[in-house]
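What follows is a single structure, written as structure tokens, with notes after it.
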């Protein structure tokens, strides 16, 4: 029989292979943020530092994800995009493995660990690993720090506290939102850790000091630049009620993401009501037993679930009003909600409530998979974001890719050109920018520039439009395709 750790590794390996199968046809999904990570990683690999194409520092996002992309690209001698696929598969493997190790540390039943790991694989949180984004890295670092912190609580070994703090520093360097979880750790050490006050204060200062040591090089590096390109600035824009509502919708969708899930929940509630009434075990007794047994893990997880949304509300209200309350941003909470559910399942198993146990596991699996599998299927068949099938097979882009001209290219889809034509494009001017339009017109007429217009790019309505371009340039200067057109001088050549 296989050892538990071997089974955990096999489950994690299965998750990584599943991710590879999903992203293999069209690679990872790309968003606007992905393009910034790609640009910074390319800059790092070229030896230009954590900067954009103009040499300006990029500090709107922390640097760790881009640094890892550049490092893997260098080691594997591959492009940054391929390095992203390697990194995300490894991270998904680590995510499932360490979640299993957390449950083992909490003495959860072996079979329940496997079931819980499978639920994690088919949950909404797994979608983060199919995108060229830093959320997967953040989730892994947070989970490993949580695992090491749990190990430190009973044994008080310095190495566990040290590495937990070290990883806290790293996840802050992955996403600034990590400050919310760091605050939870510090609050827990000061008020919930066992021991005398002087010992708690000492551990508090030690934990905080280690984190500061890890993150300080990033701030020192920033000080070397005179211009701050993307630093977040204080501004008052109180979070609208619609975003608070989005929070509850997102969390609900994790568990009730389909009509099947809602139907199964109704059936499960009926079973619970019948079984609890007939059973000698009362629901309140189960909850008290769970809290008593897993008190430390529950308290810390509860702090995460409470403080992180409050942090997001403050951040949206005073720093970044564009932050959405979606699956990508809220995913860290899912880990600890699932942890609470697993505690409940463990208690049901110990009280031999097998119908409730099996019914809950079946409900969660069918609920998760019924909402996630269509997303996986669509990603596999059509890609996601800027790496969608329609862009990979674009006639307009394939023509540009084959010609590989040295001239300037203006377009309404600079991200698409960067990914699929491997060229740096320039954004079309706005209709009101007459001088830029005249400059572009002159460059095109002299054969120094071309215009690539993609009809499927529908998110930049403020740029000069298709009809306006066709009015400005003569018909014989236009090479038409099903998904767009190219304007350049002497196309017949």
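Numbering (our numbering), first residue to last: 696 to 1188. C-beta atoms are modelled at their ideal positions from N, C-alpha and C, and glycine is treated no differently.
Cutoff 8 Å: residue 986 Cβ touching any chain B Cβ = Considering every chain present, this structure includes no chain B. It has just one protein chain.
request  = May I have the straight-line CA-CA distance separating residue 845 from residue 951, to the nearest angstrom?
outcome  = Sequence index remark: in the chain shown, residue 845 carries index 150 (1-based). Sequence index remark: in the chain shown, residue 951 carries index 256 (1-based). Counting only the Cα atoms, residue 951 lies some 31 Å from residue 845.
request  = Locate the alpha helix (DSSP H) running through residue 797, then write down its first and last residues.
outcome  = Position 102 of the chain shown, counted from the start, is the residue given in the question as residue 797. Unbroken alpha helix (DSSP H) run through residue 797: 775-800.
query = Is the beta carbon of residue 1131 sitting closer than 8 Å to the one on residue 1178?
reply = As a first step, residue 1131 must be located in the chain shown, where it is residue number 436. As a first step, residue 1178 must be located in the chain shown, where it is residue number 483. No, the Cβ-Cβ distance between residue 1131 and residue 1178 is not below 8 Å.
ask   = What residue does the alpha helix (DSSP H) around residue 878 start on, and which one ends it?
value = Within the chain shown, residue 878 is the residue found at index 183, counting from 1. It spans 873-886 - the alpha helix (DSSP H) in which residue 878 sits, taken as one unbroken run.
query = When you compare only the Cα positions, how much space is there between residue 840 and residue 787?
reply = The residue labelled residue 840 in the question sits at position 145 within the chain shown. The residue labelled residue 787 in the question sits at position 92 within the chain shown. Cα to Cα, residue 840 sits roughly 16 Å from residue 787.
task = Entirely within the region 1112-1169 and at least 4 residues each: give me those alpha helix (DSSP H) ranges in chain order.
result = Counting only runs of 4 or more, we get 1129-1140 and 1161-1167.
inquiry  = Just to confirm before moving on: does the CB-CB distance between residue 760 and residue 876 stay below 8 Å?
reply    = On the chain shown, residue 760 is found 65 positions in, with the first residue counted as 1. On the chain shown, residue 876 is found 181 positions in, with the first residue counted as 1. At the C-beta level, residue 760 and residue 876 stay beyond 8 Å of one another.
task = Inspect the CB distances between the region 941-949 and the region 880-900 and report whether three or more fall short of 8 Å.
result = Taking a cut-off of 8 Å on C-beta distances, the region 941-949 does not touch the region 880-900, as fewer than three cross pairs fall below it.
ask   = Opposite residue 724 in the DSSP bridges: which residues?
value = Indexing the chain shown from 1 puts residue 724 at position 29. DSSP links residue 724 through a beta bridge to 826.
query = Is the Cβ-Cβ distance between residue 1034 and residue 996 less than 8 Å?
reply = Within the chain shown, residue 1034 is the residue found at index 339, counting from 1. Within the chain shown, residue 996 is the residue found at index 301, counting from 1. Yes, the Cβ-Cβ distance between residue 1034 and residue 996 is below 8 Å.
Buried or exposed by the 16-neighbour rule on C-beta atoms within 10 Å, applied to residue 825 = As a first step, residue 825 is located in the chain shown; it is residue number 130 there, counting from the start. Residue 825 should be labelled buried.
key: Helix, strand or coil at residue 957 according to DSSP, with G and I counted as helix   = In the chain shown, residue 957 corresponds to position 262, counting from 1. In the structure shown, residue 957 sits in a helix (DSSP, three-state: H, G or I).
query = Does the Cβ-Cβ distance between residue 818 and residue 843 come in under 8 Å?
reply = Residue numbering aside, residue 818 sits at position 123 when the chain shown is read from its first letter. Residue numbering aside, residue 843 sits at position 148 when the chain shown is read from its first letter. Cβ distance not < 8 Å, so residue 818 and residue 843 don't count as in contact.
query = Should the region 766-775 be regarded as contacting the region 793-811, the criterion being three or more beta carbon pairs within less than 8 Å?
reply = These segments do not touch.
task = Sort out for me which residues DSSP pairs residue 1174 with in a bridge.
result = As a first step, residue 1174 is located in the chain shown; it is residue number 479 there, counting from the start. Looking at the DSSP output, residue 1174 sits in a beta bridge with 1181.
task = Assign residue 744 to one of three DSSP states: helix, strand, or coil.
result = Stepping through the chain shown from its first residue, residue 744 is reached at position 49. Look at residue 744 here: in three-state DSSP terms it is coil, with no helix or strand label.
query = At what residue ranges does the region 1023-1091 contain a whole run of the alpha helix (DSSP H), taking only runs of 4 or more?
reply = Whole alpha helix (DSSP H) segments, 4+ residues: 1049-1077 and 1084-1087.
ask   = Sorted by chain position, which residues of the same chain lie with C-beta nearer than 6 Å to residue 725's C-beta, five sequence neighbours on each side aside?
value = Here residue 725 refers to the residue found at position 30 of the chain shown. Excluding residues within five positions, the ones whose Cβ falls inside 6 Å are 827, 1080, 1081 and 1082.
query = Going by the CB atoms, is the gap between residue 775 and residue 832 shorter than 8 Å?
reply = Numbered from 1 along the chain shown, position 137 holds the residue referred to as residue 832. Numbered from 1 along the chain shown, position 80 holds the residue referred to as residue 775. At the C-beta level, residue 832 and residue 775 stay beyond 8 Å of one another.
key: residue 989 and residue 1038 closer than 8 Å at C-beta   = Against the chain shown, residue 989 aligns to sequence position 294. Against the chain shown, residue 1038 aligns to sequence position 343. It is a contact, given that the beta carbons lie within the stated cut-off.
query = Cβ atoms of residue 862 and residue 790: under 8 Å apart, would you say?
reply = Position 95 of the chain shown holds residue 790. Position 167 of the chain shown holds residue 862. No, the pair does not count as a contact, with Cβ atoms beyond the cut-off.
key: Extent of the continuous alpha helix (DSSP H) run through residue 1000   = Counting from one through the chain shown, the residue named residue 1000 turns up at place 305. Residue 1000 -> alpha helix (DSSP H) spans 990-1013.
message = Relative to the C-alpha of residue 933, which candidate in 1013, 966, 1169 and 961 has its C-alpha closest?
response = For the purposes of this step, residue 933 is taken as residue 238 along the chain shown, with counting starting at 1. Of the residues 1013, 966, 1169 and 961, the one whose Cα lies closest to the Cα of residue 933 is 1013.
inquiry  = Is the beta carbon of residue 1181 closer than 8 Å to that of residue 1146?
reply    = Within the chain shown, residue 1146 is the residue found at index 451, counting from 1. Within the chain shown, residue 1181 is the residue found at index 486, counting from 1. A contact, by the Cβ cut-off of 8 Å.
query = Nearest CA to the CA of residue 917: which residue from 1056, 706, 715 and 757?
reply = Position 222 of the chain shown, counted from the first residue, corresponds to residue 917. Residue 757 is the option with its Cα nearest to residue 917.
query = Since residue 948 is in the beta strand (DSSP E), which residue starts that stretch and which ends it?
reply = Here the question's residue 948 lines up with position 253 in the chain shown. Note, residue 948: premise wrong, no beta strand (DSSP E); alpha helix (DSSP H) at 936-950.
task = Count the other C-beta atoms from every protein chain shown that fall within 10 angstroms of the C-beta of residue 919, then say buried if there are 16 or more, exposed otherwise.
result = What you label residue 919 is simply residue 224 of the chain shown in a count that begins at 1. By the neighbour-count definition (other C-beta atoms within 10 Å, threshold 16), residue 919 is an exposed residue.
Residue range of the beta strand (DSSP E) that includes residue 1104 = Your numbering for residue 1104 matches position 409 in the chain shown. Looking at the DSSP string, the run of the beta strand (DSSP E) that includes residue 1104 is 1103-1106.
task = Keeping to the same chain, check which residues put their C-beta closer than 8 Å to that of residue 1053; ignore five residues upstream and five downstream.
result = Taking the first residue of the chain shown as 1, we reach residue 1053 at position 358. Correct list: empty, nothing qualifies.
ask   = Between the beta-carbon of residue 1103 and the beta-carbon of residue 1086, is there less than 8 Å?
value = Sequence index remark: in the chain shown, residue 1103 carries index 408 (1-based). Sequence index remark: in the chain shown, residue 1086 carries index 391 (1-based). By the CB criterion at 8 Å, residue 1103 and residue 1086 fall outside the cutoff.
request  = Would you give the residue range spanned by the alpha helix (DSSP H) that residue 753 belongs to?
outcome  = Along the chain shown, one-based indexing puts residue 753 at 58. Residue 753 -> no alpha helix (DSSP H), and no H or E assigned at all.
message = Going by DSSP in three states, residue 758 sits in which element: helix, strand or coil?
response = Within the chain shown, the letter at position 63 stands for residue 758. When DSSP states are grouped into helix, strand and coil, residue 758 belongs to the coil group.
Residue range of the alpha helix (DSSP H) that includes residue 898 = Residue numbering aside, residue 898 sits at position 203 when the chain shown is read from its first letter. Where residue 898 is concerned, the enclosing alpha helix (DSSP H) stretches over 892-918.
ask   = By Cβ distance below 6 Å, which residues in the same chain neighbour residue 730 in space, the five residues on each side in sequence not counted?
value = As a working note, residue 730 is residue 35 in the chain shown. So the qualifying residues of the chain are 1110.
message = Can you check which of these residues, 783, 1106 and 891, is closest to residue 722 by C-alpha distance?
response = Numbered from 1 along the chain shown, position 27 holds the residue referred to as residue 722. Taking the Cα of residue 722 as reference, the smallest distance to any Cα among 783, 1106 and 891 is reached at 783.
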